[in-house]
Amino acid sequence: MLTYLYSWSQQQEREAPPGFDQVSANIPHGRLDSISYKSNTIGTTRKALVYTPPNFSKKKKYPVLYLLHGIGGDEKEWLNGGNPRVIMDNLYARSAAEPMIIVMPNGRAMKDDRATGNVMAADKVQAFATFESDLLKDLIPFIEKKYPVLTNRESRAIAGLSMGGGQSLNFGLGNLDKFAWVGGFSSAPNTKVPEELIPDPARAKEQLRLLWISCGDNDGLLRFSQRTHEYLDQTNVPHIYYLEPGVHDFKVWKNGLYMFSKMLFKPVDPSQFKKLTLLGTPATTNVRNAKYPQVLPDSRVVFRVKAPEAQKIQVDLGRKYDLKKDTGGYWQVTTDSIGEGFHYYSLLIDGVAVADPASQSFYGMGRMASGIEIPFAGGDYYAAKNIPHGDLRQHRYFSNLTGSWRNLQVYTPPGYDSIKNKTYPVLYLLHGGGEDETGWARQGKTDLILDNLIA
1 MLTYLYSWSQ
11 QQEREAPPGF
21 DQVSANIPHG
31 RLDSISYKSN
41 TIGTTRKALV
51 YTPPNFSKKK
61 KYPVLYLLHG
71 IGGDEKEWLN
81 GGNPRVIMDN
91 LYARSAAEPM
101 IIVMPNGRAM
111 KDDRATGNVM
121 AADKVQAFAT
131 FESDLLKDLI
141 PFIEKKYPVL
151 TNRESRAIAG
161 LSMGGGQSLN
171 FGLGNLDKFA
181 WVGGFSSAPN
191 TKVPEELIPD
201 PARAKEQLRL
211 LWISCGDNDG
221 LLRFSQRTHE
231 YLDQTNVPHI
241 YYLEPGVHDF
251 KVWKNGLYMF
261 SKMLFKPVDP
271 SQFKKLTLLG
281 TPATTNVRNA
291 KYPQVLPDSR
301 VVFRVKAPEA
311 QKIQVDLGRK
321 YDLKKDTGGY
331 WQVTTDSIGE
341 GFHYYSLLID
351 GVAVADPASQ
361 SFYGMGRMAS
371 GIEIPFAGGD
381 YYAAKNIPHG
391 DLRQHRYFSN
401 LTGSWRNLQV
411 YTPPGYDSIK
421 NKTYPVLYLL
431 HGGGEDETGW
441 ARQGKTDLIL
451 DNLIA
């Protein structure tokens with residue numbers, strides 16, 4: 001097992017190779033069938049597509065992936081937009097995936113389940129939630145009666161795109177007695193808030209074999225995947241958070257299916273999960289709309305700077321890293337894993353230390369410097385939350401010692417201005433040698449820490 005896991009970590013691709021979604025003529029092909037099943041949940045007969053792998057045999061039992069579509073699709077959306085049959089055939093030709101049956105149902109569980117008219121109508125949106133009962137009580141029992149499938153939870157996976165991604169996370173994580181493999185590709189706003197999605201992190205950690213969350217970096221729905229990832233990180237639930245260049249489309253979803261399906265129903269190495277991503281998350285200390293620096297899930301940092309006329313660029317973050325220049329005049333480097341919390345750094349351009357224009361600047365190191373925040377699981381205590389907040393105020397006072405006006409920052413607790421004639425105790429909080437009065441207020445997040453403590 002240890003040898004296999006080492007091999008797994010060394011051989012994992014970080015994205016689908018060219019041609020992964022193109023038909024290959026000289027390989028065995030799987031079969032796609034349309035099936036009908038009786039839904040007692042809806043009181044009608046419903047349709048689904050079923051893919052069986054090359055060399056399918058009724059004498060063998062197979063694991064099953066339930067693959068769900070988006071709000072504007074139906075059971076044929078994956079077939080028309082992503083063609084999983086081609087993706088899976090190519091994987092099998094390389095012996096890169098476990099043979100499995102893939103079921104593509106209609107996740108809009110209502111009598112008129114066609115994707116016509118206003119697909120955002122309330123009854124149609126509600127039908128996506130109703131599908132949980134149809135899936136568990138009607139479709140899965142039908143598949144397990146009609147096809148030679150393994151029926152234990154470890155042999156059952158669920159994944160989907162957009163609205164189907166939200167369904168997959170909701171249904172999969174909500175029924176860990178039924179699913180051990182769960183994937184959400186660009187999950188939509190129907191995704192439950194993390195505390196409802198994973199009410200018992202310890203149980204999820206114990207029962208999940210793989211939890212996959214992926215999205216394009218320019219997808220308008222990215223925040224739903226990101227908030228789930230952040231909660232999983234805080235609660236130490238192993239998962240893959242996979243960001244790639246892209247928007248809300250099948251380019252992203254096909255790559256997600258490729259990456260997810262090739263990991264299914266085989267041993268995985270959770271210690272390597274954080275390495276499987278194409279992009280990191282823009283640092284919270286970046287200026288508005290700046291994509292870099294990016295923090296990868298394993299706390300490495302990607303820097304990318306445009307400076308076509310520069311001869312040499314380094315980043316000084318703990319140690320000096322040399323950036324490499326591409327043909328477009330961009331310089332890039334990925335650092336080692338950086339320790340959790342706040343760090344100062346500088347760009348060294350032809351030997352001159354300068355602040356990174358893509359990052360906020362802070363007074364530290366005895367001068368203005370760039371700063372970067374490396375998130376960590378225990379960082380909830382200084383997170384901005386929906387609670388009453390105090391204020392940070394800047395004041396000036398005259399110092400007889402220096403003979404000059406000096407600045408200070410003052411934190412006042414929530415309700416300070418509305419509560420009259422109340423007196424408060426005072427804490428005098430001093431900065432370090434290379435900082436000034438703004439250090440605790442900006443880098444130290446004093447106001448957020450105290451707001452959370454008071455709440």
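If you read the sequence shown in this note's numbering, its first letter stands for residue 1, the second for the next number, and so on. Even glycine gets a Cβ: it sits at the ideal position worked out from N, Cα and C. Since we're looking at a predicted model, the values are computed, not measured.
Query, Result
"By Cβ distance below 6 Å, which residues in the same chain neighbour LEU65 in space, the five residues on each side in sequence not counted?", "MET100, ILE102, ALA157"
"Anyone know if the C-beta pair for TYR275 and PRO297 falls short of 9 Å?", "With the sequence shown as reference, residue 275 is identified as Lys, and Tyr is not the correct amino acid for it. Taking 9 Å as the Cβ cut-off, LYS275 and PRO297 qualify as a contacting pair."
"Would you grab the beta carbon distance between PHE20 and TYR258 for me? Rounded to a whole angstrom, and I think it's under 8 Å.", "6 Å"
"What ranges does the alpha helix (DSSP H) occupy inside the region 157-245, keeping only unbroken runs of at least 4 residues that lie completely in it?", "163-174, 194-197, 201-207, 222-234"
"Taking the alpha helix (DSSP H) that THR446 belongs to, which residues open and close that run?", "446-454"
"Flag this pair as touching only if the region 287-296 and the region 230-239 have three or more C-beta atom pairs under 8 Å; answer yes or no.", "no"
"Would you mind working out which of ASP356, ASN255, GLY220, PRO201 sits nearest PRO238, comparing C-alpha positions?", "PRO201"
"With the cut-off set at 9 Å, would you say ALA188 and SER162 are in Cβ contact?", "yes"
"So, ILE27 versus ALA93, is the Cβ gap smaller than 9 Å?", "yes"
"Please give the ranges of any beta strand (DSSP E) in the region 365-403, keeping only runs that are unbroken, at least 3 residues long and fully inside the region.", "367-374, 391-399"
"Looking at the unbroken alpha helix (DSSP H) that takes in GLU319, where does it start and where does it end?", "This sequence places Arg at residue 319; Glu is not what is there. ARG319 -> not in any alpha helix (DSSP H); beta strand (DSSP E) instead, spanning 319-322."
"Any beta-carbon of chain B closer than 9 Å to the one on GLY329?", "In the displayed structure, chain B is absent; only one protein chain is listed."
"DSSP three-state call for GLU15: helix, strand or coil?", "coil"
"Ordered along the chain, which non-local residues of its own chain (more than five positions away) have a Cβ less than 7 Å from that of SER168?", "LEU68, ILE158, ALA159, GLY160, VAL182, GLY183, GLY184"
"Give the straight-line distance between the Cα atoms of GLN332 and PRO308, rounded to the nearest whole angstrom.", "12 Å"
"Going by DSSP, name the residue or residues bridged to SER361.", "SER370"
"Quick one: is SER404 buried, meaning 16 or more other Cβ sit within 10 Å of its Cβ, or exposed?", "exposed"
"Is GLU196 near the ligand FMN, judged by its Cβ being under 8 Å from some heavy atom?", "As far as ligands go, the structure on display features none, and thus does not contain the ligand FMN."
"Only counting the same chain, and skipping five residues up and downstream in sequence, which positions put a Cβ closer than 7 Å to that of THR438?", "TYR363, GLN409"
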